[in-house]
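What follows is one structure encoded as structure tokens, with my remarks underneath.
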Amino acid sequence: MWTRKFLKSRAWESLRTTYWKAFLVSIIIAIVGGNGGPSYSYRSGSGDYRGFDNFFAAPVIDMSLIMYIIGFIVIAISIIIALFALRVFVGYPLEVGGRRYFIHAAQNSADLNHLGFSFDKTMYIDIVKSMLWRAVINFLWFLLLIIPGIVKLYAFRMVPFILADSPNIGYKRALNLSEQMTGGHKFNMFVLDLSFIGWYLLGLLAFFIGIFFVLPYVNATQAELYLVLRKNALERGLCNYDELF
Numbered sequence: 066m067w068t069r070k071f072l073k074s075r076a077w078e079s080l081r082t083t084y085w086k087a088f089l090v091s092i093i094i095a096i097v098g099g100n101g102g103p104s105y106s107y108r109s110g111s112g113d114y115r116g117f118d119n120f121f122a123a124p125v126i127d128m129s130l131i132m133y134i135i136g137f138i139v140i141a142i143s144i145i146i147a148l149f150a151l152r153v154f155v156g157y158p159l160e161v162g163g164r165r166y167f168i169h170a171a172q173n174s175a176d177l178n179h180l181g182f183s184f185d186k187t188m189y190i191d192i193v194k195s196m197l198w199r200a201v202i203n204f205l206w207f208l209l210l211i212i213p214g215i216v217k218l219y220a221f222r223m224v225p226f227i228l229a230d231s232p233n234i235g236y237k238r239a240l241n242l243s244e245q246m247t248g249g250h251k252f253n254m255f256v257l258d259l260s261f262i263g264w265y266l267l268g269l270l271a272f273f274i275g276i277f278f279v280l281p282y283v284n285a286t287q288a289e290l291y292l293v294l295r296k297n298a299l300e301r302g303l304c305n306y307d308e309l310f
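Everything in the sequence shown is counted per the working numbering, starting at 66 for the first residue and increasing by one.
Below, the structure written as structure tokens:
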């Protein structure tokens, strides 16, 4: 059984000489991972409003206002679709590539070329399909109830790491294996996440910028967790070396 202290000490060790590489990869993962988004606002033009009654009595509909609203809705929907496409077709592959970087960095191979690993034509579609399937399943679980949704979120936490090891493993197998690997560990994984709250609070004190400097530590720790769970899965016969190496 792993401990938080063990994972974090291993993470610190791997970051000792590769921190800035890990920082760059973590920033890219955060940007394409949907952790932020644009905000929209608009100002209404000046007008002559003579009362609530006159509003309902007015026989003429302001077509310019209607066209303005329609245009705003179309633009907003277009932006949402564009962001979704960016997340799926660029964000998912970069996330898997980032996880691959941290897996190999934990094993003394901190090569930034791992970040673009997923864009190889022989694996790109399989990675996108598997990551999208995970997102759909998580969303459907959250539609049922919050708690089951959170449980499944942790159950499928290892999917991008599995894909980083075996991009052509298949979306069903990736989710099933992640669920098996995290069995009996989900609560401890939740507590592990909570253990970073203090670091995030320190980051907030630095005008939010400090949070970005915590991300390499979090990502490196998650990679160490995956390596432990992968070792357990191999020992238990849940998978073989051909699948995850």
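We put the beta carbon where it would ideally sit given N, CA and C, even for glycine.
Please read these numbers as outputs of a predicted model, since none were measured by experiment.
Quick check on Lys-70: does DSSP put it in helix, strand or coil? Counting from 1 along the sequence shown, the entry for residue 70 is found at position 5. Note: Lys-70 maps to helix in three-state DSSP.
* Ala-76 and Ala-229 closer than 9 Å at C-beta -> Residue numbering aside, residue 76 sits at position 11 when the sequence shown is read from its first letter. Residue numbering aside, residue 229 sits at position 164 when the sequence shown is read from its first letter. Cβ atoms of Ala-76 and Ala-229: not closer than 9 Å.
(request) Take Leu-242 as the anchor and find which of Leu-309, Glu-78 and His-169 has the nearest alpha-carbon. (result) By 1-based counting over the sequence shown, the position of residue 242 is 177. Of Leu-309, Glu-78 and His-169, the residue nearest in Cα terms is Leu-309.
Item to check | Start and end residues, alpha helix (DSSP H) containing Ile-276 | outcome: Mapped onto the sequence shown, residue 276 falls at position 211. Counting along the chain, the alpha helix (DSSP H) containing Ile-276 begins and ends at 274-301.
For Leu-205, verify whether its CB is less than 8 Å away from any heavy atom of the ligand SAH. You won't find the ligand SAH in this model; it holds no ligand whatsoever.
Alpha carbon to alpha carbon, how far is Asn-173 from Tyr-282? Here the question's residue 173 lines up with position 108 in the sequence shown. Here the question's residue 282 lines up with position 217 in the sequence shown. Whole-angstrom Cα-Cα distance: 16 Å.
Thr-286 burial status per 10 Å Cβ neighbour count (16 or more: buried): Taking the first residue of the sequence shown as position 1, residue 286 is located at position 221. With 16 or more Cβ atoms within 10 Å of its Cβ, Thr-286 is classed as buried.
ask   = Would Leu-80 be called buried (16 or more neighbouring beta carbons within 10 Å of its own) or exposed?
value = For the purposes of this step, residue 80 is taken as residue 15 along the sequence shown, with counting starting at 1. Buried is the call here.
Measuring only the C-alpha atoms, how far is Asp-113 from Gly-275?
Locating residue 113 in the sequence shown gives position 48, where the first residue counts as 1. Locating residue 275 in the sequence shown gives position 210, where the first residue counts as 1. Confidence in Asp-113 is poor, its pLDDT being 48 and thus under 50, which makes the residue's placement unreliable; the coordinate value appears in the next sentence. Going from the Cα of Asp-113 to the Cα of Gly-275 covers about 48 Å.
### Query
If you run the structure through DSSP and keep just helix, strand and coil, what is Arg-81?
Locating residue 81 in the sequence shown gives position 16, where the first residue counts as 1. Of the three classes helix, strand and coil, the one that applies to Arg-81 here is coil, per DSSP.
### Task
Let me know the secondary structure DSSP gives His-250 once reduced to three states.
Residue numbering aside, residue 250 sits at position 185 when the sequence shown is read from its first letter. Three-state DSSP puts His-250 in coil, outside helix and strand.
CB of Arg-165 within 9 Å of CB of Leu-180, strictly = Against the sequence shown, residue 165 aligns to sequence position 100. Against the sequence shown, residue 180 aligns to sequence position 115. Closer than 9 Å, so yes.
| query | CB Ala-288 to CB Ile-94, shorter than 9 Å? | reply | Looking up residue 288 in the sequence shown gives position 223. Looking up residue 94 in the sequence shown gives position 29. No, the pair does not count as a contact, with Cβ atoms beyond the cut-off.
Pull up the distance between the alpha-carbon of Gly-302 and that of Asp-191, whole angstroms please. As a working note, residue 302 is residue 237 in the sequence shown. As a working note, residue 191 is residue 126 in the sequence shown. C-alpha separation (whole angstroms): 24 Å.
Range covered by the alpha helix (DSSP H) that runs through Phe-226: Taking the sequence shown and counting its residues from 1, the one referred to as residue 226 is at position 161. Run containing Phe-226: 224-230, per the alpha helix (DSSP H) assignment.
Original post:
Any idea if Leu-270 is buried or exposed, counting beta-carbon neighbours within 10 angstroms, 16 or more meaning buried?
Top reply: Position 205 of the sequence shown, counting from 1, holds the residue named residue 270. Exposed is the call here.
Helix, strand or coil at Gly-102 according to DSSP, with G and I counted as helix: Here residue 102 corresponds to residue number 37 of the sequence shown, with the count starting at 1. Annotation note: pLDDT 36 at Gly-102 (below 50); position unreliable, coordinate value reported separately. If DSSP states are grouped into helix, strand and coil, Gly-102 belongs with coil.
### Task
Just tell me which of Met-66, Gly-156 and Ile-215 has its CA closest to the CA of Phe-255.
Here the question's residue 255 lines up with position 190 in the sequence shown. With distances taken between Cα atoms, Phe-255 lies closest to Ile-215.
### Query
Nearest CA to the CA of Met-188: which residue from Gly-162, Asn-233 and Val-161?
Counting from one through the sequence shown, the residue named residue 188 turns up at place 123. Of the listed residues, the one whose Cα sits closest to Met-188 is Asn-233.
**Prompt:** Under 9 Å between the Cβ atoms of Val-279 and Tyr-291?
**Reply:** Sequence index remark: in the sequence shown, residue 279 carries index 214 (1-based). Sequence index remark: in the sequence shown, residue 291 carries index 226 (1-based). Against a cut-off of 9 Å, the Cβ pair of Tyr-291 and Val-279 comes out as no contact.
Review point. DSSP on Leu-210, reduced to helix/strand/coil?
Key: Numbered from its first residue, the sequence shown carries residue 210 at position 145. Leu-210: coil per DSSP, three-state reduction.
Open item on the list: Quick check: what's the CA-CA separation for Val-139 versus Phe-207?
Closed with: Along the sequence shown, read from residue 1 onward, the residue named residue 139 stands at position 74. Along the sequence shown, read from residue 1 onward, the residue named residue 207 stands at position 142. Cα to Cα, the separation comes out at about 28 Å.
Exercise. From Ile-202 to Leu-159, what does the alpha carbon distance come to, in whole angstroms?
Worked result: Along the sequence shown, one-based indexing puts residue 202 at 137. Along the sequence shown, one-based indexing puts residue 159 at 94. Each residue's alpha carbon lies about 20 Å from the other.
Beta-carbon proximity check, Tyr-219 vs Ser-183, cutoff 9 Å = By one-based count along the sequence shown, residue 219 stands at place 154. By one-based count along the sequence shown, residue 183 stands at place 118. No. Outside cutoff.
query: Beta carbon of Val-193, beta carbon of Val-153: below 9 Å?
result: Locating residue 193 in the sequence shown gives position 128, where the first residue counts as 1. Locating residue 153 in the sequence shown gives position 88, where the first residue counts as 1. Yes, Cβ-Cβ distance for Val-193 and Val-153 is below 9 Å.
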